[in-house]
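At position 126 of the sequence shown (counting the first as 1) the number is 515 in our numbering, and the numbers step up by one without a gap. Just below is one structure, and these are the notes that go with it.
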Amino acid sequence: MSLDVLSSKAACCLALSSARVGNALIELSVSRILSIAALINSSGFTCLVFKASTACSAVILISSFISIPHNWLRIYSLLQDYKKRCTLRAVVYEGPNKLSIKERETPTPKQGEALVKVTANGICGSDIHGYTGETGRRVPGMIMGHEFVGTIADIGPNTEYPEGWHDQSQYAVNPVMSDGICDFCKAGLNHHCRNRLIFGVSPSVVGAFSDYVIAPIQNLISIGDKVDPEWGALVEPMSVGYHAAKRAGIGPGEPLLVIGAGPIGTAVVLAARRLGTGPVIVSEPNPERRDRIAALDVTAIDPINDDLPARVKDLCGDLGAQFVIDAVGSSRTLADSLSLCSPRGTMVLLGMHEPTLSFDSYALSVAERHLVGSFCYTAEEFKETAEWVATAPRELEGFISTRVGYGQISERFALQGKGEDLSLKVVFTPHSDN
Numbered sequence: 390m391s392l393d394v395l396s397s398k399a400a401c402c403l404a405l406s407s408a409r410v411g412n413a414l415i416e417l418s419v420s421r422i423l424s425i426a427a428l429i430n431s432s433g434f435t436c437l438v439f440k441a442s443t444a445c446s447a448v449i450l451i452s453s454f455i456s457i458p459h460n461w462l463r464i465y466s467l468l469q470d471y472k473k474r475c476t477l478r479a480v481v482y483e484g485p486n487k488l489s490i491k492e493r494e495t496p497t498p499k500q501g502e503a504l505v506k507v508t509a510n511g512i513c514g515s516d517i518h519g520y521t522g523e524t525g526r527r528v529p530g531m532i533m534g535h536e537f538v539g540t541i542a543d544i545g546p547n548t549e550y551p552e553g554w555h556d557q558s559q560y561a562v563n564p565v566m567s568d569g570i571c572d573f574c575k576a577g578l579n580h581h582c583r584n585r586l587i588f589g590v591s592p593s594v595v596g597a598f599s600d601y602v603i604a605p606i607q608n609l610i611s612i613g614d615k616v617d618p619e620w621g622a623l624v625e626p627m628s629v630g631y632h633a634a635k636r637a638g639i640g641p642g643e644p645l646l647v648i649g650a651g652p653i654g655t656a657v658v659l660a661a662r663r664l665g666t667g668p669v670i671v672s673e674p675n676p677e678r679r680d681r682i683a684a685l686d687v688t689a690i691d692p693i694n695d696d697l698p699a700r701v702k703d704l705c706g707d708l709g710a711q712f713v714i715d716a717v718g719s720s721r722t723l724a725d726s727l728s729l730c731s732p733r734g735t736m737v738l739l740g741m742h743e744p745t746l747s748f749d750s751y752a753l754s755v756a757e758r759h760l761v762g763s764f765c766y767t768a769e770e771f772k773e774t775a776e777w778v779a780t781a782p783r784e785l786e787g788f789i790s791t792r793v794g795y796g797q798i799s800e801r802f803a804l805q806g807k808g809e810d811l812s813l814k815v816v817f818t819p820h821s822d823n
């Protein structure tokens, strides 16, 4: 009889232990297994000894495995699954225009936390700007990704699953983490928390370009089971547009001018529809994006070849648009926004294309226009948007234009960084075969 004791580190390569005794199949939850020892004797008997986190040990005697091949296949499959769970893959930002794929140990959730198996994560414009190094908002060595949805793979001790949870429940994850006790948090403005951390943006927090992510369980919002799970990755950008529209203070039936028809500009248009705003005018130079946004029953204008000021006056009146949202955030688009905004009107700066902007300050002060910043969203707005996505709104059909896995992620970042990929929304699906 020979004895091989697997080290606790090697034991972390098992997620489930399964054994058949008679007609009964015993499955042991791997997330609770701390160490496993294997004892194999010459007669074909296998004994698995395991120690659970509850500090209790048990021995399961399994006989006649050699004569039942499908049991061995079952065990092998389970061990392979656990190996995947204990070592995760992640896309690491190495510096301007460089990504790498690395393996890391899967973290264990603490009290109040969940281990989220990432279903999909959207590539945000801020990820691309960080990737190219033009904004300095990403730090080498970090894992980006904040637009994500996933299932709960495990929860921490003394932590309850969300109400209605089951194995396939999909949750959009609010990437903004807050302490819940500062003045901003008490006012419902958690996105301005003094101790705010954001997945994939704050260097110390692992983002969702990864197989698994640890998240506060209170940040998980169900998207139900009526929609494509990948739509959960749209909750975050849709919340950004919704917050901007509310920051503008626009109401039902009031005209709105949106600068830019990229993912965030489109999110603003969809938020305006939710609020009953209209008519909506969109300025977009790219013909493909212009045609796509026009399908949402808005007036799409080419600012290069059309007379944009004249068109805005025709649609909004001689004074211009009372509400303007700049979803690009460059010096040029800010200048256009101010010139097209009516006196005492409101202009929301939402896009973050350039970190430093220059504009005609007289255009702001003399006409007493309101220049309003917009960043992220409140926890309530994120929840409301998740509930809206859960209703499967037809406007979201086709919003996700491209899906990539680990094999294509670097190429896709490079294309978007060069401006050669104008896909409306690209999502990363880490557990797919892409």
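For each residue, glycine too, the CB sits at the ideal point set by N, CA and C.
Going by DSSP, what residues sit across from A710 in a beta bridge?
The partner list for A710 (beta bridge, DSSP) reads C730.
Whole angstroms are fine: how far does the CA of R679 sit from the CA of I690?
Near 7 Å, if we compare the C-alpha coordinates of R679 and I690.
Straight-line Cα distance separating A509 from V480:
V480 and A509: Cα-Cα distance of roughly 14 Å.
Could you give the C-beta distance for G501 and G545, rounded to a whole number, given that I count them as a contact under 8 Å?
Here G501 really is in contact with G545; their C-beta atoms are around 6 Å apart, less than 8 Å.
Using a Cβ distance threshold of 8 Å, determine whether the segment 553-564 contacts the segment 598-610, with at least three qualifying pairs required.
A contact between stretches requires three or more CB pairs, one per stretch, nearer than 8 Å, and the segment 553-564 meets this requirement with the segment 598-610.
Run through DSSP, which three-state label would S593 get?
When DSSP states are grouped into helix, strand and coil, S593 belongs to the coil group.
In angstroms with no decimal places, state the Cα-to-Cα distance between D761 and E619.
Residue identity differs from the one stated: residue 761 is Val in this sequence, not Asp. Cα to Cα, V761 sits roughly 32 Å from E619.
Under a three-way DSSP split, which group does A756 fall into?
Coil at A756, not helix or strand.
Measure the C-alpha to C-alpha separation of K487 and L623 and round it to an integer number of angstroms.
Roughly 26 Å separates the two Cα atoms.
Taking C-alpha atoms, which residue in D617, D614, I587 lies nearest to I603?
The residue with the shortest Cα to Cα distance from I603 is I587.
Start-end ranges of the alpha helix (DSSP H) lying completely within the segment 630-681, minimum 4 residues
Uninterrupted alpha helix (DSSP H) stretches at least 4 residues long and entirely within the segment 630-681 occur at 652-664, given in chain order.
Quick check on the burial criterion: 16 or more other C-beta atoms within 10 angstroms. Buried or exposed for T495?
Its Cβ being crowded by 16 or more others within 10 Å, T495 is buried.
Please go through the same chain and pick out, in chain order, the residues whose beta-carbon is closer than 7 Å to the beta-carbon of C730, but skip the five residues on each side of it.
Around C730: G709, A710, V713, M736, R758.
Taking 8 Å as the threshold (C-beta atoms), are V616 and V778 in contact?
A distance below 8 Å separates the beta carbons of V778 and V616.
Backbone secondary structure at T521 - three-state DSSP
The three-state secondary structure of T521, taken from DSSP, is helix.
Apply the 10 Å Cβ neighbour rule to N584 and answer buried if 16 or more other Cβ atoms are within range, or exposed otherwise.
Counting Cβ neighbours within 10 Å, N584 comes out exposed, since fewer than 16 surround it.
In its own chain, which residues sit with a C-beta less than 7 Å from the C-beta of V528, not counting the 5 before and 5 after it?
Closer than 7 Å at Cβ, skipping near neighbours: P592.
Contact under 8 Å by Cβ, T524 with P485
No. Outside cutoff.
Thinking just about the alpha-carbon of each residue, which of I789, F788, G787, V816 is nearest to the one in R801?
Answer by Cα proximity: V816.
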